[in-house]
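For reference, the structure discussed in these notes is given below.
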Amino acid sequence: MKQLAVIMLIMCMVLTGCMGSSKEASPEPSATPQASASAEPKNTAGNPPPDASQTVYDLKQKYDDDEEDSNPGIMPMYNVEQDMEFVFRFNTDLGSDAIGKTLSVHTDIKALPESKVATLEDSQLVDGKSVYSIKPLGFGVLPSDSLRATGESSWGNAPVYYIRLNYDLDASKPTPLKQPVIIPFTVKSDLPVPNLQADISPDGRLTLVWNEVPGAESYNIYSASHITMENTNEPLSGAEQGYADQRPLKIATVQGNAYNDFMKDGRGALGIVDETITSIQNNNVQGEYYITAVQGDKESSFSASVDTVALSKRLPRTVASEDNINLKLFKNAGVLPKTVPVEYIDGSKASIPVIYDTGAVTLKPSGPIDLPYSIQGTALKGYVQVSLLTEADLKSLAAAQSKGATQGYVEPQNSTDYVPAPDVPTIIDDNNSGSGATGTPGDPVEPGENLIDQQKENTKNKVEEGNKQAVPGTTIRADLIHADSALEEYLALTLINGETEISLQAFPEAQNARTLSDVIQKVVYQNPLILGFRGYGYDYEKLTLFVKFDDSAESMRAKQKEILAEADKVIAAIIKDGMSADDKQMAIYNYLNDNTTYDDAALENAKEQDFKEVDAKFNDSFNTYGILVKKIGVCMSYAHTFQLLSDLVQVPSMVVTGTMSGVSHAWNKVKIGDEWVNVDPTNNATNTGLPYLLYNSNDATATDVEYVMDKAYWLDHELPLFKATSNAYDYYVTQGLEVDSLEDYKNKLAGLLKQGETLVVLRVLADSDSSELMQKTAEVIKQYDASKLDSAGMVELGSYVAVQLDAAAQQ
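Counting with my numbering, you get residues 844 to 1654 for the letters of the sequence shown.
Take a look at the structure:
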């Protein structure tokens, strides 16, 4: 902000972000979007707990709307040969109508047409019944140089492939499936495939990290990108487009399991002038990256990619050249910029606060004074020169510094191999010792048609066995358990119960890393009574999910009882007869604002440990128990508490994950009419100084203050169901606090100050800059009470403008 006729101090505002993942979200688990049961309000108050004696089969019947079209699918097939031909036998003559529509192979789990890979298909009649086969054509997708050198047809080196089966194999007449059967398979790799992830540091720097592969001597880093003159990061034809025309190029070979030397100059992608100036970061970060493990002349298949396009809004590059303040001379402290436009790797820009290091300044009686600065949430830094700078100026600057949003949620760790190890058998049956790559020792799976037949029969046996397993009982009411499928409810019940080993043999659809992670994230984020979920990993051979919690099952159950007791107490205190759904929601929001506080100590502790873990004494601050029982916690605790209280009064809500100003964060969406509007109970008046910053707001308003939703909180293919386009329910609209011109802003501000308001927050839709707003604000305050000019403050956040009288007294 610029100084006008008066010096206006910036209010200290803390926008608290604390939840999320620096990993890319997992893709869709289904080919066709369907409406979710949770997309409609539940009317299940007082529902008893689920039947404690039910089996997995009973649970499936609850969700089975059409038993004739329900089928267990076919379990994934791992480590098949590069030229494997898959053969499917049908129980009927499919006829000519099915030609070209029956089978296809894809590189993305959605199995949409754009991800289809080139194949050779054949169909014939055997004893009057159709037999279809499909095999690779050419070198396949993402082929390595060595694979091309063989000159043979192959599936390629993609991490995972997906067969899409569109017709019922067992039906006595041609029967298209309402939902296609998706069968994942992997191609046998020379070495285990590394699990590649994106690690984004608190200062916005990207590092590629992966697990250590036993026996690997080195790792190759591959890159694929579009080179553009505009220096923007453009999407590639990745898995969702079948890697069309994409051939990653090797850019480096390393011995460790981390890489950020994208410029190959040893500076970690930083543009460093000297130790005091960093002018650019994420230098040359673009496109997609892959990793392979190397041992002698052996090389693994490609890992899953890190897609930097999807991460662009979290990866700053530099300060926009026209607004670069480095080495610039300023007259005095009053004209120092409070924000600068930072450019991200996709070319987009956002205004980010400047943090001045007042403790590193040496005052002198004459001549320009060097004032170091850094850009919040980035590695960018430098120094400006100020002609006149006093001790009082330094104190004022220090007091006005915004702490800003900071990443605070310790994400559950997923230790599952994205691609199963080469020694995981293709057919995993009860006689399997795990030593065969394509079947059981002594009874290997034969190539060709036998593979599908055996896996189909094996799947049937496994599912029948799994269906007999008991589902754990719980005392939790059914309406407080969020699930939209048998798999989701099974996981919700077992995780609420604190189970640490969960068999998945009854659910072939979950026996794939992409699907499983997507479902687990939804279940964990949408069920506030799953406490202390710290990490998980899937054992492909045992078909078992292993889970780690912060507390024992007994401790969790005790906390769940406390949570529900406190929730009932809160509801009894704040909810009155005759309240509308809107009144109930407002009562919950106001209760959290008035009775809870953000746990800065927990956030700082997690930050000190790079958000990989947190000291045990802070565990509760990251789940429902913190905010609801202890009255202190971080954003996920706020979001889960808001959801639980909403459940109890039948206000349909959900938890949302993403980022705010590039920092991981969690908030809520609430259904009003046909809209799922945004509500952020964390960033309230108590925690930020901005009342109702995001309350019943549409997605455009959320974007204006730099909220960006990720894909972790729900099944990806259902996310379009939860858009919010209307702003009719927004707090600032309904309260008449939105203005569309500078003159309206001036009149509204004057009216509210005359009513005795000392903090006024308005949303200004007019196209204006800070200096114009500052001038109008100064004019109003001068007319209202000129003595308040020197102590008043103004701050902008997106289209929000906050004016605080006696701001200096608030520091």
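For every residue, glycine included, the Cβ atom is placed at its ideal position computed from N, Cα and C.
These numbers come from a predicted model, not from an experiment.
Worksheet item: Can residue 921 and residue 1018 be called in contact, C-beta distance under 8 Å?
Response: No; because the gap between Cβ atoms is not below 8 Å, this pair is not in contact.
Worksheet entry | Cβ-Cβ distance between residue 1136 and residue 1035 below 8 Å | Yes, the pair counts as a contact, with Cβ atoms nearer than the cut-off.
Worksheet item: Any contact of the segment 979-996 with the segment 1104-1117, i.e. 3+ C-beta pairs under 8 Å?
Response: Fewer than three beta-carbon pairs drawn from the segment 979-996 and the segment 1104-1117 are found closer than 8 Å, and the two stretches are therefore not classed as touching.
Worksheet item: Which residues bound the beta strand (DSSP E) around residue 1624?
Response: Residue 1624 -> not in any beta strand (DSSP E); alpha helix (DSSP H) instead, spanning 1613-1628.
Worksheet item: What is the rounded straight-line gap between the Cα of residue 972 and the Cα of residue 1384?
Response: For residue 972 and residue 1384, the distance between alpha carbons rounds to 34 Å.
Worksheet item: Below 8 Å between beta carbons: does that hold for residue 1482 and residue 1524?
Response: Yes.
Worksheet item: Can you list, in chain order, the residues of its chain whose CB lies under 6 Å from that of residue 1200, leaving out five sequence neighbours each side?
Response: Taking C-beta separations shorter than 6 Å and ignoring five residues to either side along the sequence, the partners of residue 1200 in its chain run 1215, following chain order.
Worksheet item: Do residue 1603 and residue 1457 have their C-beta atoms within less than 8 Å of each other?
Response: No. Outside cutoff.
Discussion item. I'd like to know whether the C-beta atoms of residue 1601 and residue 1647 end up nearer to each other than 8 Å.
Written reply: For residue 1601 and residue 1647, yes; Cβs fall inside 8 Å.
Practice prompt. Kindly provide the ranges of any alpha helix (DSSP H) runs that are 4 or more residues long and lie completely inside the segment 1370-1445, ordered along the chain.
Written response: If we require 4 residues or more, the alpha helix (DSSP H) runs fully inside the segment 1370-1445 come out as 1396-1417, 1424-1438.
Worksheet item: Going by DSSP, which residues form a beta bridge with residue 840?
Response: This structure gives no information on residue 840, because the portion of the chain shown stretches from 844 to 1654.
Worksheet item: Does DSSP put residue 1552 in a helix, a strand or coil?
Response: Taken through DSSP and simplified to helix, strand or coil, residue 1552 comes out as strand.
Worksheet item: In whole angstroms, what is the alpha-carbon distance linking residue 975 and residue 946?
Response: Rounded to whole angstroms, residue 975 to residue 946 spans 8 Å at the Cα level.
Fill in: Local conformation of residue 1535 per DSSP, three classes
In the displayed model, residue 1535 falls within coil according to three-state DSSP, outside both helix and strand.
Worksheet item: Three or more C-beta pairs closer than 8 Å, one from the segment 1367-1374 and one from the segment 1399-1410: is that the case here?
Response: In short, these stretches touch, since the Cβ pair count reaches three.
Practice prompt. Could you pull out every unbroken beta strand (DSSP E) segment of at least 3 residues lying fully inside the segment 1282-1358, listed in chain order?
Written response: Positions of the beta strand (DSSP E) runs, each at least 3 residues long and wholly inside the segment 1282-1358, are given as 1344-1346 in order along the chain.
Worksheet item: Which value, in whole angstroms, describes the spacing of the CA atoms of residue 1193 and residue 1493?
Response: Between residue 1193 and residue 1493, the C-alpha separation is close to 38 Å.
Worksheet item: Between residue 1218 and residue 1197, is the Cβ-Cβ spacing less than 8 Å?
Response: In this structure, residue 1197 lies closer than 8 Å to residue 1218 by Cβ.
Practice prompt. State the Cα-Cα distance for the pair residue 1301 and residue 1271, rounded to the nearest angstrom.
Written response: Distance between the alpha carbons of residue 1301 and residue 1271: 8 Å.
Worksheet item: Below 8 Å, can you find three or more Cβ-Cβ pairs linking the segment 1001-1021 to the segment 1115-1131?
Response: By the Cβ criterion, the segment 1001-1021 is not in contact with the segment 1115-1131, since fewer than three pairs of Cβ atoms, one from each stretch, lie closer than 8 Å.
Fill in: Inter-residue CB distance, residue 1537 and residue 1551 (contact presumed, cutoff 8 Å)
Actually they are not in contact, since the Cβ atoms of residue 1537 and residue 1551 sit about 13 Å apart, beyond 8 Å.
Practice prompt. Would you mind stating whether residue 1742 and residue 1367 have Cβ atoms separated by less than 8 Å?
Written response: In the structure as shown, the chain starts at 844 and stops at 1654, and residue 1742 therefore has no counterpart that could be examined.
Practice prompt. Compare the C-alpha of residue 1161 against each of 1126, 1142, 1154, 958 and name the closest.
Written response: Taking each of 1126, 1142, 1154, 958 in turn and checking the Cα distance to residue 1161, the smallest one comes out for 1126.
Worksheet entry | Member of 1579, 1542, 1573, 1382 whose CA lies at the smallest distance from the CA of residue 1563 | Minimum Cα distance to residue 1563 is reached at 1542.
Item to complete: Could you have a look at residue 1522 and say whether DSSP puts it in helix, strand or coil?
Response: Three-state DSSP puts residue 1522 in a strand.
Practice prompt. Check residue 956 in the structure and name its three-state DSSP category.
Written response: Note: residue 956 maps to helix in three-state DSSP.
Discussion item. Using only the alpha-carbon positions, how far apart do residue 1546 and residue 1229 sit?
Written reply: Spanning the two alpha carbons is a distance of roughly 35 Å.
Fill in: Residue from 1628, 1611, 1630 with nearest C-alpha to residue 1639
Closest option to residue 1639, Cα to Cα, is 1611.
Practice prompt. Please name the residue, chosen from 931, 960, 980, 1310, that lies closest to residue 967 on a Cα-to-Cα basis.
Written response: Comparing Cα-Cα distances from residue 967 to each of 931, 960, 980, 1310, the minimum goes to 931.
Worksheet item: For residue 1186, does the three-state DSSP call read helix, strand or coil?
Response: Here DSSP, grouped into helix, strand and coil, assigns residue 1186 to strand.
Worksheet item: Which residue from 1636, 918, 1178 puts its Cα closest to that of residue 1348?
Response: That would be 918, whose Cα lies nearest to the Cα of residue 1348.
Item to complete: Excluding the 5 residues preceding and the 5 following residue 1518 in the sequence, name in chain order all residues of the same chain whose CB lies nearer than 6 Å to its CB.
Response: Answer for residue 1518: 1567, 1569, listed in chain order.
Discussion item. Starting from residue 1173, trace the beta strand (DSSP E) in both directions and tell me its first and last residue.
Written reply: Start and end: 1172-1175.
Item to complete: Figure out for me which residue from 1394, 1181, 962, 1094 has the closest Cα to the Cα of residue 1462.
Response: Residue 1394 is the option with its Cα nearest to residue 1462.
Worksheet entry | Buried versus exposed, by CB contacts within 10 Å (16 or more), residue 1256 | By the C-beta density criterion, residue 1256 is exposed, having fewer than 16 other C-beta atoms within 10 angstroms.
Discussion item. Quick check: the Cα distance between residue 1584 and residue 1597, rounded to an integer number of angstroms?
Written reply: It is roughly 20 Å from the alpha-carbon of residue 1584 to the alpha-carbon of residue 1597.
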